[in-house]
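Colleague:
The following block contains the structure:
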């Protein structure tokens, strides 16, 4: 009972951290999708050098470990950027984490959007439309990956779970981590269930 009371008392604080995970994932998907879509369109270029460069860039971002990029950006990027005198832009750990996590969505979008456009041009609209649920699936993967952001000081769910354990008692470590895992599972399972229905609707529809 004491454990449940403790978890319930800290639940709003932990939910706030989970909201930051989702925010980081959405930001990473937005950055990665825009850059990836640009690469996908450039791949239709008739210039061989452009095609080769795009393919190499896509392969790099599809295979590079996110954790490596995260530590690279956290170490090398300054905490603030002053493009002109009098204007200072803070480069927060949250921004750095979003930028690092954008690498996987970038590679995903560049590869799969190109294939989707090709399928659409061939008249296979169902295959092209499957890019949408696949993109949402990539968002779920990015949401799970956002938990590594705590390693560079981001105040997200895992980081806040550690704070709760330090502020209470080490005996709550397993219950707190189980609660954090449950939040990730509940969110991803709910979205995945809706995603499966959406995918079936695409396959049944006449597009």
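In our numbering, the protein residues as written are 1135 to 1341.
Glycine included, each C-beta is placed from N, C-alpha and C at the ideal position.
None of the values given here were measured: they were computed from a predicted structure.
Does the segment 1237-1256 come into contact with the segment 1159-1177, if we say contact requires no fewer than three beta-carbon pairs (one atom in each stretch) closer than 8 Å?
Modeller: yes
Colleague: Are the Cβ atoms of residue 1235 and residue 1279 separated by less than 7 Å?
Modeller: Their beta carbons are under 7 Å apart, which means residue 1235 touches residue 1279 by this criterion.
Colleague: Under the three-state reduction of DSSP, which class applies to residue 1222: helix, strand or coil?
Modeller: strand
Colleague: Going by the DSSP bridge assignment, what does residue 1215 pair with across the sheet?
Modeller: 1223
Colleague: How do the segment 1154-1165 and the segment 1208-1223 stand: do at least 3 beta-carbon pairs fall below 8 Å, yes or no?
Modeller: The segment 1154-1165, when compared against the segment 1208-1223, does not touch it at the 8 Å Cβ threshold.
Colleague: For residue 1263, count neighbouring C-beta atoms within 10 Å of its own C-beta (all shown protein chains included) and say buried if the count is 16 or more, exposed if not.
Modeller: buried
Colleague: Helix, strand or coil for residue 1178 per DSSP?
Modeller: coil
Colleague: Should residue 1203 go down as buried or exposed, given a rule of 16 or more other Cβ atoms within 10 Å for buried?
Modeller: buried
Colleague: Hey, is the segment 1312-1323 in contact with the segment 1264-1284, meaning 3+ C-beta pairs nearer than 8 Å?
Modeller: yes
Colleague: Assuming residue 1292 contacts residue 1237 under a Cβ cut-off of 8 Å, what Cβ separation, rounded to an integer in Å, is found between them?
Modeller: Their Cβ separation, rounded to whole angstroms, is 20 Å, which puts residue 1292 and residue 1237 out of contact at 8 Å.
Colleague: Quick one: residues in its chain with C-beta nearer than 6 Å to the C-beta of residue 1188, no 5 flanking neighbours on either side, listed in chain order?
Modeller: If the five residues before and after residue 1188 are omitted, its C-beta is found closer than 6 Å to the C-beta atoms of 1173, 1176 and 1177, all from its own chain and listed in chain order.
Colleague: My assumption, with CB atoms under 8 Å, is that residue 1310 sits in contact with residue 1295. Please give the rounded CB distance.
Modeller: Confirmed, about 5 Å.
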